[in-house]
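**Q**
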Amino acid sequence: MDFYSSKEVVASLGDKAKEKSQLPFVRLSILGIMAGFFIALGYLSFIRVTGTLPKSWGSFSALLGGCLFPIGLVALTFIGGELATGNMMVMALGVLQKKITMKSLLFNWLVILITNCIGGFLVAYFFGHVVGLTEGAFMEKTIAVAQAKVADSPLVAIVSGIGCNIFVCMAVYLGAMGKTYLGKMFGLWFPVMVFVVCGFQHVVANAFIIPAAIFTGESSIHWMQYLTNTVFVFIGNALGGSLFLAVPLMFVNVQKEEVREQSGVYERY
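Note that the working numbering has the sequence shown beginning at 36, numbered continuously upward.
In structure tokens form, the structure reads like this:
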């Protein structure tokens with residue numbers, strides 16, 4: 036077959052979680068910043084494509100922008116990067132397979148979230164504000180997208196975050212199934228396109244678009260709104276990646292089978 040089976044992918048992602056938990060702090064942080072940087076570049080391309088399109092184009096403009104947005108996930112997958120949303124599924128699989136501890140999961144999620152946001156801030160400030168790529172003719176679109184994000188109620192932000200990370204983690208999973216470069220790339224690309232077209236909330240992507248709107252100086256959005264949005268979208272993303280994907284994948288593929296603990300001892304899941 037030209038792809039790995041679902042059972043093979045679940046097992047390999049559990050091993051990947053163990054590798055991630057053993058990364059030195061400095062390396063983990065650099066990989067986190069890189070991932071946030073790449074995701075932000077994908078979002079920047081979305082703004083540059085859709086920012087000046089006629090409003091009458093409606094969802095078609097979102098589709099055009101969505102065709103470019105996935106470059107961020109593709110880049111961090113092949114070049115290197117640690118993405119919080121993808122790790123929400125991968126690290127959860129590691130815990131469920133008893134290859135890492137809950138403490139390792141929480142530490143990874145926290146460090147990667149913070150460093151991903153740093154990467155997003157850097158792109159928003161230097162490319163968006165200093166270079167002006169999210170301002171001028173593109174300012175209206177930047178502010179409108181950001182305003183729509185922070186306007187969501189906590190419940191809507193959580194549910195939107197769940198929907199987003201189902202698709203993002205689906206992309207990570209399908210990418211892991213591929214044995215070739217093209218197979219992995221297509222597996223990564225299309226689920227991310229769908230989440231972008233649907234307008235779901237992604238905690239790392241929001242670390243670019245909302246600060247980019249704030250940096251324009253023309254938006255009414257303030258930093259407390261961004262932080263509040265981050266909390267609820269993070270909760271939704273975490274639920275989407277762990278509860279809605281990692282748990283069912285374990286139940287379907289590994290239940291009643293032996294899983295390896297860190298000590299090398301096998302036991303029933």
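Note that the Cβ used here is the ideal one computed from N, Cα and C, for glycine as well.
Check the DSSP bridge columns for residue 315 and list the partner residues they point to.
**A** With the chain running from 36 to 304 in the structure shown, residue 315 is simply not present.
**Q** Between the Cα of residue 123 and the Cα atoms of 100, 200, 37, which residue gives the shortest distance?
**A** Along the sequence shown, one-based indexing puts residue 123 at 88. The shortest C-alpha separation from residue 123 is found at 200.
**Q** Closest to residue 188 by CA distance: which of 106, 266, 86, 75 is it?
**A** As a first step, residue 188 is located in the sequence shown; it is residue number 153 there, counting from the start. The option with the nearest alpha carbon to residue 188 is 266.
**Q** Return the bridge partner residues of residue 38 from the DSSP annotation.
**A** In the sequence shown, the residue the question calls residue 38 occupies position 3. Paired residues: 213.
**Q** Any chance the stretch 240-258 sits against the stretch 218-227, with 3 or more Cβ pairs inside 8 Å?
**A** As far as the Cβ criterion goes, the stretch 240-258 does not touch the stretch 218-227, which means the pair count is below three.
**Q** Between residue 186 and residue 128, what straight-line distance do the alpha-carbon atoms span, to the nearest angstrom?
**A** Against the sequence shown, residue 186 aligns to sequence position 151. Against the sequence shown, residue 128 aligns to sequence position 93. Spanning the two alpha carbons is a distance of roughly 33 Å.
**Q** Using the rule of at least 16 other Cβ atoms within 10 Å of the residue's Cβ for burial, across every protein chain shown, is residue 170 buried or exposed?
**A** Counting from one through the sequence shown, the residue named residue 170 turns up at place 135. Classification for residue 170: buried.
**Q** Look up residue 237 in the DSSP assignment and say whether it is helix, strand or coil.
**A** Residue 237 sits at position 202 when you count from the first residue of the sequence shown. Coil, per DSSP.
**Q** How long is the line joining the alpha carbons of residue 136 and residue 209, rounded to whole angstroms?
**A** The residue you call residue 136 lines up with position 101 of the sequence shown. The residue you call residue 209 lines up with position 174 of the sequence shown. Cα-Cα distance, rounded: 25 Å.
**Q** Skipping 5 residues on each side, what residues in its chain have a beta carbon closer than 6 Å to that of residue 101?
**A** Here the question's residue 101 lines up with position 66 in the sequence shown. Around residue 101: 228, 231, 232.
**Q** Is it true that the CB of residue 115 sits closer than 9 Å to the CB of residue 183?
**A** Here residue 183 is taken as the residue at index 148 of the sequence shown, counted from 1. Here residue 115 is taken as the residue at index 80 of the sequence shown, counted from 1. No; because the gap between Cβ atoms is not below 9 Å, this pair is not in contact.
**Q** Quick one: using the 10 Å Cβ neighbour count with 16 as the cut-off for buried, is residue 173 buried or exposed?
**A** Against the sequence shown, residue 173 aligns to sequence position 138. Flag for residue 173 reads buried.
**Q** Give me, in chain order, the residues of the same chain whose beta-carbon lies closer than 7 Å to that of residue 192; leave out the 5 immediate sequence neighbours on both sides.
**A** In the sequence shown, the residue the question calls residue 192 occupies position 157. Excluding sequence neighbours, residue 192 sits near 236, 264, 267, 268, 271.
**Q** Using a Cβ-Cβ cutoff of less than 7 Å, which residues in the same chain neighbour residue 73 once the five nearest sequence positions on both sides are dropped?
**A** Your numbering for residue 73 matches position 38 in the sequence shown. So the qualifying residues of the chain are 107, 110, 111, 116.
**Q** Determine the contact status of residue 75 and residue 240, defining contact as a CB-CB distance below 9 Å.
**A** Start at 1 with the first residue of the sequence shown, and residue 75 comes out as number 40. Start at 1 with the first residue of the sequence shown, and residue 240 comes out as number 205. Yes, they are a contact pair.
**Q** State buried or exposed for residue 287, treating a residue as buried only when at least 16 other CB atoms are found within 10 Å of its CB.
**A** The count along the sequence shown starts at 1 and reaches residue 287 at position 252. Exposed is the call here.
**Q** Just to confirm before moving on: does the CB-CB distance between residue 243 and residue 78 stay below 9 Å?
**A** Translated into positions along the sequence shown, residue 243 becomes position 208. Translated into positions along the sequence shown, residue 78 becomes position 43. Yes; because the gap between Cβ atoms is below 9 Å, this pair is in contact.
**Q** Identify the continuous alpha helix (DSSP H) that holds residue 161 and give its terminal residues.
**A** Translated into the one-based positions of the sequence shown, residue 161 becomes position 126. Segment: none, residue 161 is in no alpha helix (DSSP H) and carries neither H nor E.
**Q** To test your reading of the DSSP string, which unbroken alpha helix (DSSP H) runs of 4 or more residues are found completely within the stretch 215-284?
**A** Within the stretch 215-284, the complete alpha helix (DSSP H) runs of at least 4 residues are 216-233, 238-250, 258-273.
**Q** Which of the three DSSP states is assigned to residue 9 in this structure?
**A** Here the chain comprises residues numbered 36 to 304, so residue 9 is not present and cannot be evaluated.
**Q** Across the stretch 146-165 and the stretch 58-68, are there enough close Cβ pairs to call them in contact, namely three or more that are closer than 8 Å?
**A** Contact between the stretch 146-165 and the stretch 58-68 is present, because at least three Cβ pairs lie under 8 Å.
**Q** Is it true that the CB of residue 39 sits closer than 9 Å to the CB of residue 198?
**A** The residue you call residue 198 lines up with position 163 of the sequence shown. The residue you call residue 39 lines up with position 4 of the sequence shown. Going by C-beta atoms, residue 198 is not nearer than 9 Å to residue 39.
**Q** DSSP three-state label for residue 308, please.
**A** One cannot answer for residue 308 here, as it falls past the ends of the chain, which runs 36 to 304.
**Q** Tell me whether residue 118 sits in a helix, a strand or coil according to DSSP, three-state version.
**A** Stepping through the sequence shown from its first residue, residue 118 is reached at position 83. The answer is coil: DSSP assigns residue 118 none of H, G, I, E or B.
**Q** Here's the rule: buried if 16 or more other CB atoms are within 10 angstroms of the residue's CB, otherwise exposed. What is residue 87?
**A** Within the sequence shown, numbered from 1, the residue matching residue 87 stands at position 52. That one is exposed.
**Q** If you reduce the DSSP assignment to three classes, tell me which class residue 55 lands in.
**A** Residue mapping note: residue 55 aligns to position 20 of the sequence shown, counting from 1. Looking at residue 55 - three-state DSSP - the assignment turns out to be helix.
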